[in-house]
Amino acid sequence: MRIGEMVRRTGVSERLLRYYEEQGLLAPTRLPSGYRVYTDADVDTVRRVRALLAAGLPTTTIAQVLPCIRDDGTTLAPVCSDLVAQLRRERDRITDAIKELETSRGMLDAVIAAGPSDID
DNA sequence: ATTCTCACA
DNA sequence: TGTGAGCA
């Protein structure tokens, strides 16, 4: 499929799709016309990229992780053993982020509770 | 009609 | 990351 269908199937803009490619997250083939050609697997890849990006992982790390994810989407491939250490650090960073968000929520809860008439 | 690259009030 | 220009 070409980029137009990818946009429809992933909800990701052409701009971003091309950006992901630039970052080494996607590797569509090209038609003699220069048009990009994506596969069904690329649709799944974009979903994973979105999830990893939402988790705060930098595109450079995602580019390293993607080739390690088995086709089933859960298992890890053997070629990426050292990557586990890096991912553990990312995991810790996410844990800290959650902690910060929890305190922020706590502050908002206090402000809301102190409000005049908390209708909405 | 679609996609491509490049550039930025 | 959006938007628009100028092509193929």
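Quick note: the first sequence, position 10, residue 10 per the UniProt record's numbering, numbers continuous.
Every residue gets a Cβ at the ideal spot worked out from N, C-alpha and C, and that includes glycine.
Within the chosen definition, does the stretch 41-52 reach the stretch 61-71 through at least 3 CB pairs nearer than 8 Å?
yes
Would you identify the three-state DSSP class for T74, choosing helix, strand or coil?
coil
Grab me the residues of R30's own chain with a C-beta within less than 8 Å of its C-beta, minus the 5 sequence neighbours each way, in chain order.
R36 and V37
Can you grab the Cα-Cα spacing for the pair G4 / A113, in whole Å?
48 Å
Between A97 and the rest of its own chain, which residues show a CB-CB distance below 8 Å, the 5 nearest in sequence each way excluded?
G56
Local Cβ density within 10 Å of D42, reported as buried at 16 or more and exposed below that:
buried
Could you have a look at T29 and say whether DSSP puts it in helix, strand or coil?
strand
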